[in-house]
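Engineer: Got a structure for you, questions after.
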Amino acid sequence: MVSKKDKIVQTALELFTEQGYRATTTKEIAVKSGVAEGLIFYYFKDKNELLNYLISKFSFVESIDSEMKELAEMEPVPALIQLGHLYSNFLSRNKGYLSFIWSPEMVQNKEVNGKVIDLIFSLSKQINKHLKRAVSSRVDETTIELATTMFLSTLLTHFMIGERAADETPFEDEYIENVVNFILKGLAISN
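Count along the sequence shown starting at 1, add 123, and that's the number in the working numbering.
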């Protein structure tokens, strides 16, 4: 059963995505979630605190916290492939959140941008770690960061295109393995 707090957060995400953050009132959130408006203020000081909670709640790294230890114990290539699957699953489960944080209103919000950049940075650190383990020779940090960006952006783009052309995108397993192998081959050649 979904808690009232989670219902408020989910409803806020839906309304923020549909109407925009500024246009959505706490009263509308309360009505649509079936709670008294005062309950929103019991959980959150104001609408901005609700927004910040919503952004932090959907952190990819936090969502895979339980898998992080398992990934660290795996061989690096399977760990990268598994990380790709976890990222792909996260994107699939959180379509509304992605639409919201990349909406023009949120892209222009400096505070939200800072939080989103922090979330992307924490994810990048995890991928960097596994890429370094997977490459047998020393690769400079800039090249690893570029490979990480390629990994994330390639999977994100694949997901976004897949949403529009589901029948024409490659199978997920094969695609993620190909991306990992392509990046690792590129890192090996860069030395």
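Ideal placement from N, C-alpha and C gives every residue a C-beta, glycine not left out.
1. For the putative contact between T140 and G219, defined by C-beta atoms under 8 Å, what is the C-beta separation to the nearest angstrom?
2. Need the endpoints of the alpha helix (DSSP H) that A135 sits in, please.
3. Considering Q249, what are the terminal residues of the alpha helix (DSSP H) in which it resides?
4. For a quick check, are the C-beta atoms of E137 and T149 less than 7 Å apart?
5. Pick helix, strand or coil for A159, following the three-state DSSP scheme.
6. Would you identify the three-state DSSP class for A153, choosing helix, strand or coil?
7. Under three-state DSSP, which class holds K168?
8. List the whole-angstrom C-beta distance separating V303 from V200, where the pair is believed to meet the contact cut-off of C-beta under 8 Å.
9. For Q249, is the classification buried or exposed, using 16 other Cβ atoms within 10 angstroms of its Cβ as the cut-off for buried?
10. Suppose contacts are defined by Cβ-Cβ distances below 7 Å. Is Y166 in contact with K192 by that definition?
11. Let me know the secondary structure DSSP gives T280 once reduced to three states.
Structural biologist: Per the coordinate set shown:
1. So it is a contact: roughly 5 Å between Cβ atoms.
2. Annotation for A135: the continuous alpha helix (DSSP H) segment containing it runs K127 to Q142.
3. From DSSP, the alpha helix (DSSP H) with Q249 extends over K233 to A257.
4. Between E137 and T149, the gap from beta carbon to beta carbon reaches 7 Å or more.
5. DSSP places A159 in coil when its eight states are reduced to three.
6. DSSP places A153 in helix when its eight states are reduced to three.
7. The answer is coil: DSSP assigns K168 none of H, G, I, E or B.
8. With a Cβ gap of about 6 Å, V303 and V200 count as contacting.
9. Flag for Q249 reads buried.
10. Cβ distance not < 7 Å, so Y166 and K192 don't count as in contact.
11. The answer is helix: DSSP assigns T280 an H, G or I state.
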